[in-house]
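As C-alpha cells, the structure follows; a few thoughts come after it.
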Amino acid sequence: MILVKPIPFVAAKIVLEKHHYLHSLPGGTKLAFGVFLENRLMGAMTFGSGPANAYRMVEGAKPSDCLTLSRLWLSDELPSNSESRVLGVALRALRRFTQIRFLVSYADPAQGHLGTIYQATGWIYTGLSEAMPLFDIGDGKPRHSRSLSHSFGSHSMKHFENFGVRVRVVAQSRKHRYFYFLDFSYQSKLKVLPEPYPKKEVTYEDN
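The opening position of the sequence shown corresponds to residue 52 in the numbering used here, with each subsequent residue numbered one higher.
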C-alpha cells in the first residue's frame, strides 16, 4: 500500500536532487511529503512560497493564503496512476490540516510538460505565465529571485558581486499555470478566466 506523509526537508532534498529533472529543493519550501511503498521512500513532493505575484491573481488574497506545488517526483516502480492518487492525498491533507486557501503550480512546455497530472486532478488552467528570469551564481543551478533571497539573504547582483560572485541571467520560457482551490469560496475571486486545458499536438505524416 502506498503511504503519503510529511518528511524532513533534508530527506526531500536528497531525493529531489538525485531524481527530479531540476535536481534541487527550491528555496522557500514550507512543506514536504514523502511517498512510501513497503517502507521505502519512492517519491517526494514539496510546497513553498513560489513566485511572489501568484497570490495577487486572486482578489483579496494574502501571501499566506497561497502555496506553490514546486516539486513532484515519483519512482517508476510505483503502480500506474500513482501521481494522481498521491497528489489527491496531499490535497486532502492540506485542506483539512492547514489554512492554505489555494495552490498554484506550473508545467514547463520546454520540458514537454503540459500539466497532465493537474488536469487529471481538477486544477484550473489559466494560460501561460510571464517569462521570469532565472539567476545562475556559478553553480549551474538557475534560481528564481525569491529562491536566491531565501537561500542567501538577497537577490541583488550587487550583493553577490561584493563577494566576487558573478551572476548570470538565464532566460526562462513561459510555463503553463494551474490553480487549485482548497477553499472553494476563493475560486470565484480568480481575476483571470479559466482556459481550456492544453493538449499535445497530433501530427499526421504522409505514408
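We put the beta carbon where it would ideally sit given N, CA and C, even for glycine. Bear in mind the structure is a predicted one, so any value in this text is a computation, not a measurement.
Can you have a look at Arg147 and say buried or exposed, based on whether 16 or more other CB atoms are within 10 angstroms of its CB?
The residue is exposed, with fewer than 16 neighbouring Cβ atoms inside 10 Å.
Between the CA atoms of Leu92 and Trp124 - distance to the nearest angstrom:
Whole-angstrom Cα-Cα distance: 11 angstroms.
Give the straight-line distance between the Cα atoms of Glu110 and Leu241, rounded to the nearest whole angstrom.
If I take the Cα positions, the gap works out to 6 angstroms.
Can the beta-carbon of Thr177 be found closer than 9 angstroms to that of Glu246?
Pairing Thr177 with Glu246 gives a Cβ-Cβ distance under 9 angstroms.
CB contact below 9 angstroms: His74 versus chain D:
Chain labels in this structure do not include chain D; a single protein chain is all it has.
Name the two residues that bound the continuous alpha helix (DSSP H) containing Gly228.
Per the sequence shown, the amino acid found at residue 228 is Arg instead of Gly. Note, Arg228: premise wrong, no alpha helix (DSSP H); beta strand (DSSP E) at His227 to Phe232.
Whose CA, out of Val155, Phe186 and Ala182, lies closest to the CA of Phe232?
Ranking the options by Cα distance to Phe232, first place goes to Val155.
Please name the residue, chosen from Gly79, Arg225 and Ile53, that lies closest to Thr97 on a Cα-to-Cα basis.
With distances taken between Cα atoms, Thr97 lies closest to Gly79.
Between which two residues does the beta strand (DSSP E) harbouring Phe87 extend?
From DSSP, the beta strand (DSSP E) with Phe87 extends over Thr80 to Leu88.
When you compare only the Cα positions, how much space is there between Tyr229 and Ser121?
The C-alpha of Tyr229 lies about 12 angstroms from the C-alpha of Ser121.
Can you tell me whether Leu67 is buried or exposed, with buried defined as 16 or more other CB within 10 angstroms of its CB?
Flag for Leu67 reads buried.
In the DSSP assignment, the beta strand (DSSP E) including Arg91 goes from what residue to what residue?
The continuous beta strand (DSSP E) containing Arg91 extends over residues Arg91 to Gly99.
What residues in its chain sit with their C-beta under 6 angstroms from that of Leu179, if we drop five residues either side in the sequence?
Counting only Cβ-Cβ distances below 6 angstroms, and skipping sequence neighbours, we find Arg225.
Using three-state DSSP, classify Leu142 as helix, strand or coil.
Leu142 carries a helical assignment under DSSP once its states are collapsed to helix, strand and coil.
Rounded to whole angstroms, what's the CA-CA distance from Phe87 to Ser126? Just pull it up for me.
Cα to Cα, Phe87 sits roughly 10 angstroms from Ser126.
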